[in-house]
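Below is one structure; the comments refer to it alone.
In the numbering used here, the protein residues as written are 102 to 330.
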């Protein structure tokens, strides 16, 4: 456990990447949207997708964790298992912390300062905020963890098989997606797909992501065990 904590401390030393930069990116997006909203008519609500910036950043952080921290950790004689467990603990703690702050900002925006006085809804988004604060907490946490693991898995694949492995997977994925889209159009599946998903809440979808995230984690660990530096 001490070695796992050591990996967490190793990550935590990068305060800029983990604690400052995500919020600089998000709050910069918020400030731009707030300024724009201040000059627009207040006839209707203004809803933006700027909140996604911090989630996309966490996917990038997942990639950087493997490319930057993994070689350094092995150079410090950290076992691959300990590196993986420390990484999972770090991103779990970060995801919880960010999710709590986002929920607080959503509450302030939706219930305390309604739309920041300009009817801007940057944090308190429809559909996501329908289930209350606890529901939002789970949604933010699940999505953030999932995106981080997507980035981490991609980087693990690159470490294990190099560029060729990434290219093969990307081409195979593109072919599969193209075939599925063609079949959906040919067999007219889109109405059925829409009807299937329309009954689910954002929380339902977030809960679906959790087992997918577990699978991504397992795949990352298996690749990490044989990844080269």
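Where is the CB? At the ideal position from N, CA and C, for every residue including glycine.
Since we're looking at a predicted model, the values are computed, not measured.
A residue is called buried once 16 or more other Cβ atoms fall within 10 Å of its Cβ, and residue 143, having fewer, is exposed. Close CB contacts of residue 250 within its chain, under the 7 Å cut and outside five residues either way in sequence, are with 163, 314, 317, 318 and 321 (chain order). Partner residues in a beta bridge of residue 281, as assigned by DSSP, do not exist.
Of the residues assessed, residue 134 falls on the buried side of the cut-off, its CB having 16 or more other CB atoms within 10 angstroms. For residue 147, DSSP records a beta bridge to 221. Counting every other CB atom within 10 Å of its CB across the protein chains shown gives residue 303 a total of 16 or more, marking it as buried. By the neighbour-count criterion, in which 16 or more other beta carbons inside 10 Å mark a residue as buried, residue 260 falls on the buried side. Around the Cβ of residue 279, a 10 Å sphere holds fewer than 16 other Cβ atoms; the residue is exposed. For residue 329, the three-state secondary structure derived from DSSP is coil.
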